[in-house]
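Chemist: To start, I am sharing the structure in question, which I have written as structure tokens.
There are 2 protein chains.
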Amino acid sequence: MRHFDELLEQLRNKLLEMSGLVEFSIRESVKSLTERDSLKAKAVLKRESEINQLELDIDEIATTLLALEQPVATDLRFITVAGKINNNLERIGDLAVNIAERSESLLSHARFPVRADIVRLADLAESMVERSLDAFVRKDAEAARRVLVSDDAVDDLRDSIYNELISYMKKNPAAVQQCVDLIFAARSLERMADHSMNIAEGVLFMVEGIDVRHQVRVQVN
Amino acid sequence: MRHFDELLEQLRNKLLEMSGLVEFSIRESVKSLTERDSLKAKAVLKRESEINQLELDIDEIATTLLALEQPVATDLRFITVAGKINNNLERIGDLAVNIAERSESLLSHARFPVRADIVRLADLAESMVERSLDAFVRKDAEAARRVLVSDDAVDDLRDSIYNELISYMKKNPAAVQQCVDLIFAARSLERMADHSMNIAEGVLFMVEGIDVRHQVRVQVN
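As given, the protein sequences belong to chains U and C, one line each in that order. Note that the numbering used here gives residue 805 to position 7 of the first sequence, counting from 1, and the numbers run on in steps of one. Note that the numbering used here gives residue 854 to position 56 of the second sequence, counting from 1, and the numbers run on in steps of one.
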């Protein structure tokens, strides 16, 4: 096996490891919120440095691959997309930390029920991240496209969550802190969904060479 | 001039154009908020598609450069960092749009004064973005390092803004919507500052080959 191919394999494996860690963090952060579980919140905080270190390792392998030789078109697309997915995963890990911190804050105040729409948004965001990563692993453009169509559902849930919490706060000022915590948790879930769409767009670029970002043009390289 | 050098020059110029547009968007979004100016908010919304298009153009040039030949180490670092700065700038543009939208929402409700700490945070975030981009243009590692030390000031301002607005809402439920708008505006400013730090870290990597992200290791390539 050439050194280049070995590094490419390493890049793939590290990215799978990173995906696994980040998916774990999403699940545990959501459970810390919905099940009021401080141990799960702490598990997320503990994983953060591991995810950060993996991000650095993956970026280093990708840069080395680009420096090593002139990659052919498919390898080049894989390497650049892997780099972007890496950065998106690291951000998703940060967002899981944000959610875990909001769970801790909620646990330190009077009990306040998590709204049904937040649970729905959490399920959707979690599934979008998982499906975008599956699409990457299986180089499946159709699966990537199916992630992109969830955008409207995410926006609708976000709007309904914000509106409900803002109305609630107006009538129950004593619950302001808890409502703000949930607004931030919802915002983090929405951003996770955004990152899953970035990943899906990366998969489309990798598989079909089409840049669908910002949906303003379809460009074939 | 070789085709490679021409493209490198193009990458530099497009990135300068992108920087100019994004700095404009930050300034106008902050003014739309502090001066209650709907025209400035609309100016930011109008620029969004231009910034998005530039992001795609810059990514395409960077990818072409990587495919064209095996770049020497300094060029490779410049190209990969330019790609990352590009993505950070696009996100800063999005955040300016978020702030402009919050300004529009604030204009549609009873007048509510913007807190002094938000103006301070806005000044700080704006200056951090400008200084990180200056550091990039001048390849100035010291200037990049000075951006990174502003992190604590940003966190302190954010905490004091959140605490003040949450206390205010508890006593004045009629102002909940305006306080939530300002909390989101402050969050966007904080994220802009985060992106300026990503840019500064990119400059350090480009100039010195040191990866200072996550501050867990100092690695010399």
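Ideal Cβ placement from N, Cα and C applies to all residues, glycine included.
What residues in its chain sit with their C-beta under 7 Å from that of V1014 (chain C), if we drop five residues either side in the sequence?
Modeler: Within the second sequence, numbered from 1, the residue matching residue 1014 (chain C) stands at position 216. Confidence is the limiting factor: at V1014 (chain C) the pLDDT is only 40, short of 50, which leaves the residue's position unreliable, though a coordinate-based value still follows. Nothing meets the Cβ criterion.
Chemist: For the alpha helix (DSSP H) containing K840 (chain U), list its first residue and its last residue.
Modeler: For this step, residue 840 (chain U) is matched to residue 42 along the first sequence. Per DSSP, K840 (chain U) belongs to the alpha helix (DSSP H) from S836 to L866.
Chemist: Measure the C-alpha to C-alpha separation of E988 (chain U) and H907 (chain C) and round it to an integer number of angstroms.
Modeler: Residue numbering aside, residue 988 (chain U) sits at position 190 when the first sequence is read from its first letter. Residue numbering aside, residue 907 (chain C) sits at position 109 when the second sequence is read from its first letter. Rounded to whole angstroms, E988 (chain U) to H907 (chain C) spans 25 Å at the Cα level.
Chemist: Could you tell me the alpha carbon to alpha carbon distance between A923 (chain U) and A991 (chain U), rounded to whole angstroms?
Modeler: Locating residue 923 (chain U) in the first sequence gives position 125, counting from the first residue. Locating residue 991 (chain U) in the first sequence gives position 193, counting from the first residue. Using only the alpha carbons, I get a separation of about 5 Å.
Chemist: So with CB distances below 7 Å, who are the chain C contacts of Q868 (chain U)?
Modeler: By one-based count along the first sequence, residue 868 (chain U) stands at place 70. Residues of chain C whose Cβ lies closer than 7 Å to the Cβ of Q868 (chain U) are, in chain order, E867 and Q868.
Chemist: For chain U, is any of its Cβ atoms less than 9 Å away from the one on E1072 (chain C)?
Modeler: Nothing about residue 1072 (chain C) can be reported from this structure: the residues present for chain C run from 799 to 1019 only.
Chemist: Ordered along the chain, which non-local residues of its own chain (more than five positions away) have a Cβ less than 8 Å from that of L806 (chain C)?
Modeler: As a position in the second sequence, residue 806 (chain C) is number 8, starting the count at 1. For L806 (chain C), where only same-chain residues beyond five positions count, the Cβ hits under 8 Å are L863, D873, F876 and I877.
Chemist: Which chain C residues are close to Q752 (chain U), counting only those with a beta carbon under 7 Å from its beta carbon?
Modeler: Because chain U spans 799 through 1019 in this model, residue 752 (chain U) falls outside it and cannot be assessed.
Chemist: Could you tell me which whole alpha helix (DSSP H) segments of length 4 or greater appear in the stretch 873-956 of chain U?
Modeler: 914-935 and 939-946
Chemist: Using DSSP with H/G/I as helix, E/B as strand and the rest coil, what is E962 (chain U)?
Modeler: Here residue 962 (chain U) refers to the residue found at position 164 when the first sequence is read from its first residue. Three-state result, E962 (chain U): helix.
Chemist: Within a Cβ cutoff of 6 Å, which residues of the same chain sit near N1019 (chain U), ignoring the five residues on either side of it in sequence?
Modeler: Counted from its first residue, the first sequence places residue 1019 (chain U) at position 221. Confidence at N1019 (chain U) is low in this model, with a pLDDT of 32, below 50, so its placement is unreliable and no value can be given for it.
Chemist: Per the contact definition of three or more C-beta pairs closer than 8 Å, is the stretch 998-1007 of chain U in contact with the stretch 938-953 of chain U?
Modeler: yes
Chemist: Using a Cβ-Cβ cut-off of 8 Å (strictly less than) and excluding sequence neighbours within five positions of K829 (chain C), which residues of its own chain qualify?
Modeler: For this step, residue 829 (chain C) is matched to residue 31 along the second sequence. Closer than 8 Å at Cβ, skipping near neighbours: D835 and K838.
Chemist: State yes or no: is the C-beta of A860 (chain C) within less than 9 Å of the C-beta of G881 (chain C)?
Modeler: The residue you call residue 860 (chain C) lines up with position 62 of the second sequence. The residue you call residue 881 (chain C) lines up with position 83 of the second sequence. It is a contact, given that the beta carbons lie within the stated cut-off.
Chemist: Could you check whether the Cβ of R936 (chain C) sits closer than 9 Å to any Cβ belonging to chain U?
Modeler: Numbered from 1 along the second sequence, position 138 holds the residue referred to as residue 936 (chain C). Judged by the 9 Å Cβ criterion, R936 (chain C) is not in contact with chain U.
Chemist: Taking the alpha carbon of S827 (chain C) as the reference point, which residue from C:G891, C:S847, C:M926 and C:R918 has its own alpha carbon closest?
Modeler: As a first step, residue 827 (chain C) must be located in the second sequence, where it is residue number 29. C:G891 is the residue among C:G891, C:S847, C:M926 and C:R918 whose C-alpha sits nearest the C-alpha of S827 (chain C).
Chemist: Excluding sequence positions up to five away, which residues of its chain have a Cβ less than 7 Å from the Cβ of F910 (chain C)?
Modeler: Within the second sequence, the letter at position 112 stands for residue 910 (chain C). Counting only Cβ-Cβ distances below 7 Å, and skipping sequence neighbours, we find L904, A973 and Q976.
Chemist: In chain U, which residues lie with their C-beta within 8 Å of the C-beta of H1012 (chain C)?
Modeler: Walking along the second sequence from the start, residue 1012 (chain C) turns up at place 214. What H1012 (chain C) touches in chain U: S847, N850, Q851, E853 and L854.
Chemist: Within a Cβ cutoff of 8 Å, which residues of the same chain sit near E815 (chain C), ignoring the five residues on either side of it in sequence?
Modeler: Here the question's residue 815 (chain C) lines up with position 17 in the second sequence. Closer than 8 Å at the Cβ level, and outside the excluded window around E815 (chain C), lie L852.
Chemist: How many Å lie between L919 (chain U) and V879 (chain C) at the Cα?
Modeler: Numbered from its first residue, the first sequence carries residue 919 (chain U) at position 121. Numbered from its first residue, the second sequence carries residue 879 (chain C) at position 81. A straight line joining the alpha-carbon of L919 (chain U) with that of V879 (chain C) spans about 34 Å.
Chemist: Whose C-beta lies closer than 6 Å to the C-beta of S823 (chain U) among residues of the same chain, with five residues either side of it excluded?
Modeler: Against the first sequence, residue 823 (chain U) aligns to sequence position 25. Hits under 6 Å: V842, R845, G891 and A894.
Chemist: Going along chain U, which residues have a C-beta under 9 Å from P971 (chain C)?
Modeler: Within the second sequence, the letter at position 173 stands for residue 971 (chain C). Within chain U, the residues near P971 (chain C) are M967, K968, K969, N970, P971 and V974.
Chemist: Taking 9 Å as the threshold (beta carbon to beta carbon), is A871 (chain C) in contact with chain B?
Modeler: The structure shown contains no chain B; its protein chains are U and C.
Chemist: For the candidate residues U:V1010, U:V1005, U:K812 and U:L980, whose alpha-carbon lies nearest to that of R1031 (chain U)?
Modeler: Since the displayed chain U opens at 799 and closes at 1019, residue 1031 (chain U) lies outside it and no answer follows.
Chemist: Give the straight-line distance between the Cα atoms of I1020 (chain C) and A984 (chain C), rounded to the nearest whole angstrom.
Modeler: Past the edges of chain C, shown from 799 to 1019, lies residue 1020 (chain C), and the structure says nothing about it.
Chemist: Applying a beta-carbon distance threshold of less than 8 Å, which residues of chain U neighbour L805 (chain C)?
Modeler: Taking the second sequence and counting its residues from 1, the one referred to as residue 805 (chain C) is at position 7. Those do not exist, as L805 (chain C) stays about 15 Å from chain U at its closest Cβ, beyond 8 Å.
Chemist: Measuring only between beta-carbons, confirm whether K882 (chain C) sits less than 9 Å from chain U.
Modeler: For this step, residue 882 (chain C) is matched to residue 84 along the second sequence. Yes, because at least one Cβ of chain U sits closer than 9 Å to the Cβ of K882 (chain C).
Chemist: How many Å lie between E804 (chain C) and D855 (chain C) at the Cα?
Modeler: Here residue 804 (chain C) corresponds to residue number 6 of the second sequence, with the count starting at 1. Here residue 855 (chain C) corresponds to residue number 57 of the second sequence, with the count starting at 1. The alpha-carbon atoms of E804 (chain C) and D855 (chain C) are separated by roughly 15 Å.
Chemist: Using a Cβ-Cβ cut-off of 7 Å (strictly less than) and excluding sequence neighbours within five positions of N884 (chain U), which residues of its own chain qualify?
Modeler: As a first step, residue 884 (chain U) must be located in the first sequence, where it is residue number 86. Within the same chain, N884 (chain U) has close Cβ partners L813, M816, E853, I856 and D857.
Chemist: Flag F982 (chain U) as yes if its beta-carbon sits less than 9 Å from any beta-carbon of chain C, otherwise no.
Modeler: Position 184 of the first sequence holds residue 982 (chain U). F982 (chain U) counts as touching chain C.
Chemist: Check the C-beta distance from D915 (chain U) over to S958 (chain U) and give it rounded, since I have them as a contact under 8 Å.
Modeler: One-based indexing of the first sequence puts residue 915 (chain U) at position 117. One-based indexing of the first sequence puts residue 958 (chain U) at position 160. Right, the Cβ-Cβ distance comes to about 5 Å (below 8 Å), so this counts as a contact.
Chemist: Out of curiosity, what's the CA-to-CA distance linking V820 (chain C) and S847 (chain C)?
Modeler: As a first step, residue 820 (chain C) is located in the second sequence; it is residue number 22 there, counting from the start. As a first step, residue 847 (chain C) is located in the second sequence; it is residue number 49 there, counting from the start. Roughly 12 Å separates the two Cα atoms.
Chemist: Do I997 (chain C) and L931 (chain C) come within 9 Å of each other at the CB atom, strictly closer than that value?
Modeler: The residue you call residue 931 (chain C) lines up with position 133 of the second sequence. The residue you call residue 997 (chain C) lines up with position 199 of the second sequence. Taking C-beta atoms as the reference points, L931 (chain C) and I997 (chain C) count as a pair closer than 9 Å.
Chemist: Could you tell me which chain U residues have their CB closer than 9 Å to the CB of G950 (chain C), listed as they occur along the chain?
Modeler: In the second sequence, counting from the first residue as 1, residue 950 (chain C) sits at position 152. It should be pointed out that residue 950 (chain C) corresponds to Asp in this sequence rather than to Gly. None at all; the shortest Cβ gap to chain U is about 18 Å.
Chemist: Is the Cβ of V828 (chain U) closer than 9 Å to any Cβ of chain C?
Modeler: Within the first sequence, residue 828 (chain U) is the residue found at index 30, counting from 1. Judged by the 9 Å Cβ criterion, V828 (chain U) is not in contact with chain C.
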